[in-house]
Amino acid sequence: MSGHALVHFLLAVAAIIVLARVFGALARLVGQPPVIGELLAGVLIGPTLFGTTVSGWLLPADILPAMSGLANLGLVLFMFIVGYELDHASLRGRGRIATSVSIGSIAVPLGLGVLLAFWLAGRHDVSDTVPFALFIGAAMAVTAFPVLARILTDRGMVRTPVGGLALASAAVDDIAAWSLLAVVVAVAGADTANPWLPLLCVPYALLMFFVVRPLLARLDAARARAGRLTPDLLAVVLVGLLLSCLATEWMGLHAIFGAFLFGAVMPRRADLLRVEILERLEQVSVLLLLPAFFVLSGLRVDLSTLGGAGLLELAAILVVAIGGKFAGAYAGARLNGVGNQPAGALAILMNTRGLTEIVILTVGLHLGILDERLFSMMVVMALVTTAMAGPLLNLVYPRRMVERDALAAQRPQAPPAGYRVLVSLPDGAPPDAALVDLAADLAERGAAAGGHGPGEVVLSRLVPYPARPLDVGSGLSEELLGMTTAMGELAGLAESVRARGLGAPVLARFSRDPEADLAEQLKAIEPDVLLRGGDPVEVVALSAAGRDTVDLAAARSIGAVPRDGDVSGVKSG
Numbered sequence: 001m002s003g004h005a006l007v008h009f010l011l012a013v014a015a016i017i018v019l020a021r022v023f024g025a026l027a028r029l030v031g032q033p034p035v036i037g038e039l040l041a042g043v044l045i046g047p048t049l050f051g052t053t054v055s056g057w058l059l060p061a062d063i064l065p066a067m068s069g070l071a072n073l074g075l076v077l078f079m080f081i082v083g084y085e086l087d088h089a090s091l092r093g094r095g096r097i098a099t100s101v102s103i104g105s106i107a108v109p110l111g112l113g114v115l116l117a118f119w120l121a122g123r124h125d126v127s128d129t130v131p132f133a134l135f136i137g138a139a140m141a142v143t144a145f146p147v148l149a150r151i152l153t154d155r156g157m158v159r160t161p162v163g164g165l166a167l168a169s170a171a172v173d174d175i176a177a178w179s180l181l182a183v184v185v186a187v188a189g190a191d192t193a194n195p196w197l198p199l200l201c202v203p204y205a206l207l208m209f210f211v212v213r214p215l216l217a218r219l220d221a222a223r224a225r226a227g228r229l230t231p232d233l234l235a236v237v238l239v240g241l242l243l244s245c246l247a248t249e250w251m252g253l254h255a256i257f258g259a260f261l262f263g264a265v266m267p268r269r270a271d272l273l274r275v276e277i278l279e280r281l282e283q284v285s286v287l288l289l290l291p292a293f294f295v296l297s298g299l300r301v302d303l304s305t306l307g308g309a310g311l312l313e314l315a316a317i318l319v320v321a322i323g324g325k326f327a328g329a330y331a332g333a334r335l336n337g338v339g340n341q342p343a344g345a346l347a348i349l350m351n352t353r354g355l356t357e358i359v360i361l362t363v364g365l366h367l368g369i370l371d372e373r374l375f376s377m378m379v380v381m382a383l384v385t386t387a388m389a390g391p392l393l394n395l396v397y398p399r400r401m402v403e404r405d406a407l408a409a410q411r412p413q414a415p416p417a418g419y420r421v422l423v424s425l426p427d428g429a430p431p432d433a434a435l436v437d438l439a440a441d442l443a444e445r446g447a448a449a450g451g452h453g454p455g456e457v458v459l460s461r462l463v464p465y466p467a468r469p470l471d472v473g474s475g476l477s478e479e480l481l482g483m484t485t486a487m488g489e490l491a492g493l494a495e496s497v498r499a500r501g502l503g504a505p506v507l508a509r510f511s512r513d514p515e516a517d518l519a520e521q522l523k524a525i526e527p528d529v530l531l532r533g534g535d536p537v538e539v540v541a542l543s544a545a546g547r548d549t550v551d552l553a554a555a556r557s558i559g560a561v562p563r564d565g566d567v568s569g570v571k572s573g
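Residue 253 in this note's numbering is what sits at position 253 of the sequence shown, and the numbering runs on without skipping anything.
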């Protein structure tokens, strides 16, 4: 690379980093995943609005190969993370329903996508119709597991039945969709000189699961001995990842399948190892490599020449993608007894496609399956199906239903409580046994006074998001590790309550606004008394029954400030 080209390259990299961070931050401000903003950055500076004026100046032809190399490396790291974050444990107890939902959410859009592809083939001069039709069907059927997991954690849905089922269904969906895509890519990109090479992927997958996976399990023990993730351990992971990508690329599959498979065989019970690997990869991946991929993908989108015929095709793509995925997932859930609103929420979640869809479309463009016009329309579909998830969930499955279902999932099958005390424990504070004992006393006294149902103490903790949440992948590993700690502390406190014959469901969720989320909990749980930990402790009677049974002397004995009937400290949601 000449000195002049190097100057252009460094300038382009700096500009891409700035664009990605600014547009990603703007997307977050409106409640969207950063990938939406980062892709839009590429679209806005691309041919749709400015022709080749901006893109030609920012990315001249002599630096495109180097920039494409960065983008491909970012793509490989992302696919490794997708495979690493697949939660095999989420299938436990949900295998049948998750499989049913996943089959519906794949089969219906796949079938409709194949039919649509035959119509599109004649309009785009496609010579080999079969791989084209299968590719369009697979692109319609995919769900973005990382985006879905991020939405679930942001909305506190991970520990609800709907959230658990969505994670399990998306895991099955991802495995099936990537397997189907691997077949399509093998057919479309087969080397006529060595047509048998793609068949090696079967023994290669067996080798990875039965030989490489046990060897990788030793990484956790090595990390424990070192007390941290050392550069040598990370080097082992990166070298193994790149060799796996090399193997699948040589077999006639794309390198992304090797990256996904290597992530899938990484040790699953090593939570600290997983978090530390993702933290290290984030430094280079999110700031440099993935933005290059996002912006280059966006630059390939040209909507300026669509015209009436293109708008008709785009409308058909959106109808098939959204309608097929929604109908298949919704029907699969309803056939297994899932309620109407939870099934609708599940169908919305399964419609998210995010960066996973862009990866698939980029592979199709690279192999010549898609032309740039069709690629542009499919990228718009990916953006629309991802952006619509949050607003639609607010309508179909609002936060008060999330709180209600999370509480119901923790409560044993028993008559509803006649008197309920909500204990809101501050994050980071040590377990407050005295406060929980007071709550149990109030629940016993209230239940005895009312005479119409058992007492119940609901233990809740609103956990702040990690100070520096992971942007790469879903970040689910780090957050579940923190959530597991919070749930363990609450479970320990609940045992003393249950020993007194009272119900003691526990709730923990991530929160960006604890005051507003506490107000949502009050609406969903409808307690008689709120005990809010802190300094000082608050005792708030929220019902007539609560005012009748709050023992002010007992409250004062633990330093509480009674505020009978006053909820001024809690915002109304």
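Using N, Cα and C, we set each Cβ at its ideal position, and we do this for glycine too.
For residue i, is the classification buried or exposed, using 16 other Cβ atoms within 10 angstroms of its Cβ as the cut-off for buried?
i, result
"residue 198", "buried"
"residue 471", "The pLDDT assigned to residue 471 is 49, lower than 50, so where the model puts this residue is not dependable; a value taken from the coordinates is nonetheless given after this. That one is buried."
"residue 1", "exposed"
"residue 363", "buried"
"residue 523", "exposed"
"residue 246", "exposed"
"residue 254", "buried"
"residue 16", "buried"
"residue 468", "Caution is warranted here: a pLDDT of 48 is assigned to residue 468, below 50, making its placement in the model unreliable, and the coordinate value is therefore given only provisionally. Classification for residue 468: exposed."
"residue 215", "exposed"
"residue 8", "buried"
"residue 239", "exposed"
"residue 176", "buried"
"residue 307", "exposed"
"residue 494", "buried"
"residue 18", "exposed"
"residue 315", "exposed"
"residue 260", "buried"
To the nearest angstrom, how far is the alpha carbon of residue i from that of residue j?
i, j, result
"residue 172", "residue 509", "25 Å"
"residue 460", "residue 423", "6 Å"
"residue 489", "residue 49", "54 Å"
"residue 202", "residue 78", "23 Å"
"residue 96", "residue 227", "40 Å"
"residue 126", "residue 234", "44 Å"
"residue 21", "residue 455", "50 Å"
"residue 101", "residue 284", "36 Å"
"residue 342", "residue 156", "15 Å"
"residue 381", "residue 372", "14 Å"
"residue 174", "residue 143", "7 Å"
"residue 178", "residue 123", "27 Å"
"residue 441", "residue 354", "50 Å"
"residue 340", "residue 346", "10 Å"
"residue 322", "residue 59", "34 Å"
"residue 518", "residue 154", "15 Å"
"residue 200", "residue 299", "35 Å"
"residue 12", "residue 282", "20 Å"
"residue 213", "residue 103", "28 Å"
Compute the minimum distance between the beta carbon of residue i and the heavy atoms of the ligand PLP, and state whether it is under 6 Å.
i, result
"residue 115", "With respect to the ligand PLP, the structure shown offers nothing to examine, as it has no ligands at all."
For residue i, which three-state DSSP category applies?
i, result
"residue 508", "strand"
"residue 107", "helix"
"residue 367", "coil"
"residue 121", "helix"
"residue 420", "strand"
"residue 541", "strand"
"residue 526", "coil"
"residue 156", "coil"
"residue 534", "coil"
"residue 280", "helix"
"residue 300", "coil"
"residue 116", "helix"
"residue 404", "helix"
"residue 269", "coil"
"residue 77", "helix"
"residue 28", "helix"
"residue 161", "helix"
"residue 502", "coil"
"residue 475", "Bear in mind that the predicted position of residue 475 carries a pLDDT of just 46, short of 50, making it unreliable; the figure below should be weighed with that in mind. It is coil, neither helix nor strand."
Give the C-beta separation of residue i and residue j to the nearest angstrom, bearing in mind that I take them to be a contact with Cβ-Cβ under 8 Å.
i, j, result
"residue 280", "residue 229", "7 Å"
"residue 545", "residue 419", "6 Å"
Closer than 8 Å is the cut-off here; do at least three beta carbon pairs connect the stretch 214-231 with the stretch 163-171? Short answer: they don't touch.
Determine contact between the stretch 67-75 and the stretch 288-295, defined as no fewer than three beta-carbon pairs at a distance below 8 Å. Segments in contact, yes.
Assess, as a yes-or-no matter, whether the stretch 341-355 is touched by the stretch 267-283 under the definition of 3 or more beta carbon pairs within less than 8 Å. With a cut-off of 8 Å, the stretch 341-355 and the stretch 267-283 do not count as touching, because too few Cβ pairs lie within range.
Looking at C-beta atoms only, is the number of pairs between the stretch 18-36 and the stretch 385-393 that lie closer than 8 Å three or more? Between the stretch 18-36 and the stretch 385-393, the count of Cβ pairs shorter than 8 Å is three or higher; the stretches touch.
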